[in-house]
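Q: Taking the numbering used here, the leading residue of the sequence shown gets 188, the next gets one more, and so forth.
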Amino acid sequence: MTHGRSKRILGIPDEFWIGFVIMVGFFLKLIYDIKLGWMSGTPGLGAWQDLDGNAFVPGGHLSVIQYYYTYHFFPGVDPRTASAFANPPLYYVTSAFLFAVFRNLLGWSVSISMHIVQCMNVIYVMIGECCGIGILQKYGFRGRKRVTAMLFLIFFPVFYNLSGALDGSAMCFMYMMLALNSSLNWYMSRREKTLRSAAIEIGLALLTSPAALMILPPVIYLIRKGAVDGRRNETPVADQAKRFAIITAAMGLPWQIYMLIRFRFPIFGIGTQGMTPVTGSVGDRIGIPALSMLTHIHTEGNAALESNIWAQALKTSAFDFRAVDTTQGKTYVIALILLVTLLIAVVVMHLMLVYVLLSMRLEHVYAMFLIIGEGTFLIGYVVMCFVYPYIEVMSARVFAPEMIFPLVGLMMCGGDSSDGKFEKITAAAAGIAIPVMSLIAAFLYGYYVV
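1) Comparing C-alpha positions only, which one of ARG449, ALA398, TYR347, ALA386 sits nearest to GLU589?
2) Answer with buried or exposed for ILE433, where buried requires no fewer than 16 other C-beta atoms within 10 angstroms of its C-beta.
3) Name the DSSP bridge partner or partners of TYR577?
4) CB-CB under 7 Å to CYS572, same chain, minus the five flanking residues each way: which ones, in chain order?
5) Count the other CB atoms within 10 Å of the CB of SER376; is the residue buried (16 or more) or exposed (fewer)?
6) Kindly confirm or deny that the region 270-278 and the region 217-237 touch, where touching means at least three C-beta pairs closer than 8 Å.
7) By how many angstroms is the C-alpha of ARG430 removed from the C-alpha of VAL424?
8) Which ranges would you report for the alpha helix (DSSP H) in the region 397-471 if only whole runs of at least 4 residues count?
9) Kindly give me the distance between the Cβ atoms of GLU388 and TYR362, rounded to whole angstroms, as I take these residues to be in contact under 8 Å.
10) Once you ignore the five residues that flank MET624 on each side, which residues in its own chain have a CB closer than 6 Å to its CB?
11) Can you give the Cα-Cα distance for THR395 and LEU478, rounded to whole angstroms?
12) Please report the residue range of the alpha helix (DSSP H) in which LEU285 lies.
13) Please confirm if the region 353-360 is in contact with the region 604-618, defined as three or more CB-CB distances below 8 Å between the two stretches.
14) Identify, in the order they occur along the chain, each residue of the same chain with its Cβ nearer than 6 Å to the Cβ of TYR632, setting aside the five sequence neighbours on each side.
15) Using DSSP with H/G/I as helix, E/B as strand and the rest coil, what is TRP497?
16) Which of helix, strand or coil does DSSP assign to PRO344?
17) Please classify MET480: is it buried, with 16 or more other beta-carbons within 10 angstroms of its beta-carbon, or exposed?
18) Check whether the region 304-318 touches the region 211-225, counting contact only when three or more Cβ pairs, one atom from each stretch, lie closer than 8 Å.
19) Using the Cα positions of ALA436 and ILE444, report the straight-line distance between them to the nearest angstrom.
20) In angstroms, rounded to a whole number, what distance separates the CA positions of ARG585 and SER356?
21) Are ALA336 and MET598 close, meaning C-beta to C-beta below 8 Å?
22) Could you tell me whether the region 273-283 touches the region 241-261, where touching means 3 or more Cβ pairs closer than 8 Å?
23) Is it buried or exposed for GLY247, if we count other Cβ within 10 angstroms and need 16 for buried?
24) With burial defined as no fewer than 16 other Cβ atoms inside 10 Å of the residue's Cβ, what is the status of ASN368: buried or exposed?
25) Applying the 10 Å Cβ sphere with the 16-neighbour rule, what's the burial state of GLY596?
26) With a 10 Å radius around its C-beta and 16 neighbouring C-beta atoms as the bar for buried, classify ILE454 as buried or exposed.
27) With H, G and I counted as helix, E and B as strand and the rest as coil, what does DSSP make of GLY327?
28) Taking DSSP as the reference, what is the three-state secondary structure of PRO703?
29) How many Å lie between GLY191 and VAL334 at the Cα?
30) From ILE612 to SER298, what does the alpha carbon distance come to, in whole angstroms?
31) How many angstroms separate the CA atom of GLY212 from the CA atom of VAL345?
32) Tell me whether PHE260 is buried or exposed, calling it buried when 16 or more other Cβ atoms sit within 10 Å of its Cβ.
33) Thinking ASP507 and GLY618 are a contact (beta carbons under 8 Å), I'd like their distance in whole angstroms, please.
34) Tell me whether GLU550 is buried or exposed, calling it buried when 16 or more other Cβ atoms sit within 10 Å of its Cβ.
Pasting the structure below:
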C-alpha cells in the first residue's frame, strides 16, 4: 500500500521540504498567537481577576485556570451556573501549573505568563499535525503526496484557531490524533504496549474535552478486527482489549462521575451559560446554507445568520472568533477568497474520499476505519449541535481531527497515467485550492489579526 513517487523540488529532496513546511508553520502559528494576544480568540474567555481583598467570581476559561492556580483543588463551583467549570480539568490544571512556573518562579507578569501558556497550544497543534502525517504514512503515502498533505495540515486555518484559543481544544486535538495514530500502529504490530498507549491517550483526551468520545468508534473497530482476523498475537487481543477498556474508563470517567454526584450534571455534558441560542427550523439548520450566511464572516453573535450547522462548520474552519479584522474592505475580500478556496478544497476532498471507497482501492479494514471515523465525527458534530442548540457549540474545533480521513482520499487520487477524468479534474482542483488556501491563510493570519 504505497502511493506517490518521490520527485525533487528545485533539486532538493522531499524530506527537506517536509521539514521546511513544519518549521514555517510552527513560527507562523507562534507569530499569530503573539499578535492575537491571550484576551482574544476564545469564546467565553472570561477575565483574570484581582483577588486582593475581593471575592472570586467564577465564569469563563480564565476563571477556571485561576481557580486551579489559586486554590489547587477541584472547583466547588456549580457548572450549571458558571461557564467552563463543567469541562474536564487536564488543560486547566496544566495551564495553571505552567502559569505558576512563569509567574511565581520566574516572576513574570500575569500578561506575559498567560501569553506563554497560550503559545503552548502551538506545540499541541504541531504534535497533532505530525501525527496526521504519521497516519498518512501508514496508508502508504510517500514523496510529493506527503509534501502536499503536510502543506494542507500545517496551513489549514482551523489549526491557527486552535493555536490561539485558551481552552482545551488544542490539547484535545493532540491527544485524539496521538490515539488514532497509535491505534493504527497497534493494528499493524499488535504490540500490547502500543494499545496501552492508545488507551492512555484516549483517557487524556477525555480528561480534556467530551469531544474525545468521537474517536472511540474507529479505534474500537480496529480492536474488534484485530480479534477476529486470525492473526497470532503474543498477548491475546481479548486480554489487550480488557486492559484498554479499564485504562480508558479509569481515566475518562472519574471527572464525569464527580460532576454527576456532586452537581447532578449530565455525564459528558457541556456548560452553556452565556451562549447565544440558535434560531430557525431543523431544515434551516441542517439544510444548504444561504449565501448571506457564508458571506457573513463573523462567527458569533447574530443568530439569524449563524444558525446553520454547515455554514458555521465552514466559517469556524476558516476564521477565528473575530480575530481577523474584516472592517477593512481589502481584508474582507481576502477573507472571502479564503472561504471559497477552503470550500472547494473540503468538498473536493470528500468527493475523492467517496470515490476511493467506492472504487475499493483500500484494504477492507483501512477503508472501514476511514468510513467509521468520518461518519462518527460528522454525526457526532450534528448530534451535539442539536442537543446543545447554541451558536458557540457549532465550531470546527470540536471535530478538527476529522480532516485526516478525507485527506487520505485526496492523496489517493491523481498523479498516475491511468487516472480517469474524475481523478484528473479533482486532483487539479485540489492542487490549486490547497496552495492558494495555504498562502492566503498564512498572509491573512500573519498580517490582519485584530
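Don't be surprised by glycine CBs; every beta carbon is placed ideally from N, CA and C.
A: A quick look at the data gives this:
1) ALA398
2) exposed
3) Answer by DSSP bridge pairing, in chain order: PRO464.
4) ILE496, VAL580, MET581
5) exposed
6) yes
7) 10 Å
8) Runs of the alpha helix (DSSP H) lying entirely within the region 397-471, each at least 4 residues long, are 403-415, 424-439, 441-450 in chain order.
9) In this structure GLU388 is in contact with TYR362, their Cβ atoms being roughly 5 Å apart against a cut-off of 8 Å.
10) THR528, LEU529, ALA532
11) Straight-line Cα distance between these residues: approximately 35 Å.
12) 277-287
13) no
14) TYR219, TYR347
15) helix
16) helix
17) buried
18) yes
19) Answer to the nearest angstrom: the Cα atoms are 11 Å apart.
20) In the sequence under discussion, the amino acid at residue 585 is Val, which differs from the Arg named in the question. Approximately 7 Å, taken between the alpha carbons.
21) The answer is yes: Cβ separation under 8 Å.
22) yes
23) buried
24) buried
25) Sixteen is the threshold: when 16 or more other Cβ atoms of the shown chains lie within 10 Å of the Cβ of GLY596, as they do, the residue is buried.
26) With fewer than 16 other Cβ atoms within 10 Å, it is exposed.
27) Correct three-state label for GLY327: coil.
28) Summary: the structure shown does not reach residue 703, with the chain confined to residues 188 through 637, and so no result is reported for it.
29) Its pLDDT being 49, under 50, GLY191 is placed unreliably in this model, and the coordinates cannot settle the point.
30) 50 Å
31) 13 Å
32) exposed
33) In fact, because the Cβ distance is near 27 Å, the residues do not count as touching under 8 Å.
34) exposed
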